[in-house]
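Please read the structure below before turning to the comments.
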Ligand SMILES: [Zn+2]
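Numbering (our numbering), first residue to last: 127 to 253.
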């Protein structure tokens, strides 16, 4: 049961996968493809407080790199793909994976920052 004046808890994973506000789970998190909105249009939450910057891109590089390298080695062993085949398959996999996963991954990291009260503003202040 929700307490009066306290917003309901939203799962960081649910907010992230839906690219929604980490506090209310209703408002849009992004104002463009990867730009986090200043405030939630529903609850007024300061979304810049939990902005994750470029951090999720690093996670995605490690994830996609860890998947693509073994995939390319297996394709080479099974099919003997020429170099242009590796470039084509790897390029499509990396570009498609990055475009598909970057938004929900960034939204999930923003939601985790919000949940755990992590903010770049503290670092800038020297706290
Ligand atoms: Zn909200």
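Beta carbons are placed, not taken as given, at the ideal position from N, Cα and C, and that holds for glycine.
Leaving aside the five residues before and after residue 218 along the sequence, list all residues of the same chain whose C-beta is less than 7 Å from its C-beta, in chain order. Indexing the chain shown from 1 puts residue 218 at position 92. Counting only Cβ-Cβ distances below 7 Å, and skipping sequence neighbours, we find nothing.
Helix, strand or coil for residue 162? Go by DSSP, reduced to three states. If you number the chain shown from 1, residue 162 lands on position 36. Three-state result, residue 162: strand.
Suppose you measure from the CA of residue 172 to the CA of residue 192; what does that come to, to the nearest Å? Counting from 1 along the chain shown, the entry for residue 172 is found at position 46. Counting from 1 along the chain shown, the entry for residue 192 is found at position 66. For residue 172 and residue 192, the distance between alpha carbons rounds to 35 Å.
Taking the continuous alpha helix (DSSP H) assigned at residue 193, which residues delimit it? If you number the chain shown from 1, residue 193 lands on position 67. Looking at the DSSP string, the run of the alpha helix (DSSP H) that includes residue 193 is 181-205.
With 16 as the cutoff for other CB atoms within 10 Å, does residue 147 come out buried or exposed? By one-based count along the chain shown, residue 147 stands at place 21. Burial call: buried.
If you check the beta carbons only, do residue 141 and residue 151 fall under 7 Å apart? Indexing the chain shown from 1 puts residue 141 at position 15. Indexing the chain shown from 1 puts residue 151 at position 25. Contact: yes.
By DSSP, does residue 127 sit in helix, in strand, or in coil? Taking the first residue of the chain shown as 1, we reach residue 127 at position 1. Because residue 127 sits at a pLDDT of 43, beneath the cut-off of 50, its placement in the model cannot be relied upon, and the following sentence gives the value as read from the coordinates. Residue 127 falls in the coil class under three-state DSSP.
Within the present structure, is the beta-carbon of residue 236 separated from the nearest heavy atom of ligand 1 by less than 6 Å? Start at 1 with the first residue of the chain shown, and residue 236 comes out as number 110. False, no ligand heavy atom lies under 6 Å from that Cβ.
For residue 171, verify whether its CB is less than 6 Å away from any heavy atom of ligand 1. Against the chain shown, residue 171 aligns to sequence position 45. True, at least one ligand heavy atom lies under 6 Å from that Cβ.
Can we count residue 145 as close to ligand 1, meaning its CB is less than 6 Å from some heavy atom? Residue 145 sits at position 19 when you count from the first residue of the chain shown. No, the Cβ of residue 145 stays beyond 6 Å of every heavy atom of ligand 1.
Which residue's Cα is closest to the Cα of residue 177: 188, 160, 225, 187? Position 51 of the chain shown, counting from 1, holds the residue named residue 177. Cα-wise, what sits closest to residue 177 is 160.
Which of helix, strand or coil does DSSP assign to residue 232? Here residue 232 corresponds to residue number 106 of the chain shown, with the count starting at 1. Residue 232: helix per DSSP, three-state reduction.
Proximity to residue 170 [Cα-Cα], best of 230, 153, 240: Against the chain shown, residue 170 aligns to sequence position 44. Answer by Cα proximity: 153.
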